[in-house]
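Numbering (my numbering), first residue to last: -3 to 183. Every residue, glycine too, gets a C-beta built ideally from N, C-alpha and C.
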Amino acid sequence: MKTRVKKAFLDINEEEKWLNEQGAQGMMLLSYSNGTYEFEDVSPAAFQYKVDIPQYSEKERRRDYLDFLEQTGASVVAEYADRVYLRKKASGEPFALYTDRQDVERQAKKRSSHLYAIGFSQIMLGIMFLMQAFLRHEGPVSFWIPAVFGFLFVVSGIVFLALGFRAGRKATKGQVPSREERDIWEA
């Protein structure tokens, strides 16, 4: 039975976590577009999902990268807004695409970059409102409205920056191999 779910995520890590919960329940992701997930119930099979943001923007290199991923056992379910939705049968081991510290950190920065962009734009908009409130007001109403909106935009910008910083740190936590583990594999 096919099921459509409309759901929006701001944090890609939370989206991935939700997809893995669905996969553990035997829901196979068929497609994704604009916040609409289409699943098919294939219980008792279980799946693992990964949302990847490839570093390749050229179509040919990106296609080669996706072909390589499919050779490793992962199937590309959907591509949307520079994200690639990958699926593989659950094997009891984590679905890890990146094991190198620099790759994990690069992926974490990409996953939280939209939060930084929103945060900076909110702060700039808030500063513009505050400047308008303090430099150009002809009465109490023309002062307070831009001042309140400016303050709210600055606060929301700080919140988005904090979310971006937290998401980046949380994404690398537990995924970056320790120095001892790297030494074992690199030897």
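- In this structure, Asn9 keeps its C-beta atom at 7 Å or more from the C-beta atom of Tyr45.
- As the crow flies, the alpha-carbon of Gly22 is around 25 Å from that of Asp63.
- For Tyr61, no beta strand (DSSP E) encloses it; the enclosing alpha helix (DSSP H) starts and ends at 55 to 67.
- Nearest neighbour of Asp78 by Cα position, chosen from Lys(-2), Ser71, Arg58, Ile49, turns out to be Ile49.
- Under the 10 Å beta carbon count, Gly69 is surrounded by fewer than 16 other beta carbons and is classified as exposed.
- By the CB criterion at 7 Å, Tyr81 and Tyr33 fall outside the cutoff.
- Using a Cβ distance threshold of 7 Å, Phe125 and Pro142 count as a contacting pair.
- The alpha-carbon separation between Ala86 and Met(-3) amounts to approximately 20 Å.
- Look at the region 10 to 35 and you find no whole run of alpha helix (DSSP H) that is 4 residues long or longer.
- Its chain contains Leu111, Ile114, Gly115, Gln118 as the residues whose beta carbon lies nearer than 7 Å to that of Phe156, once the 5 sequence neighbours on both sides are disregarded; these appear in chain order.
- In this structure, the CA atom of Leu121 is about 12 Å from the CA atom of Ala129.
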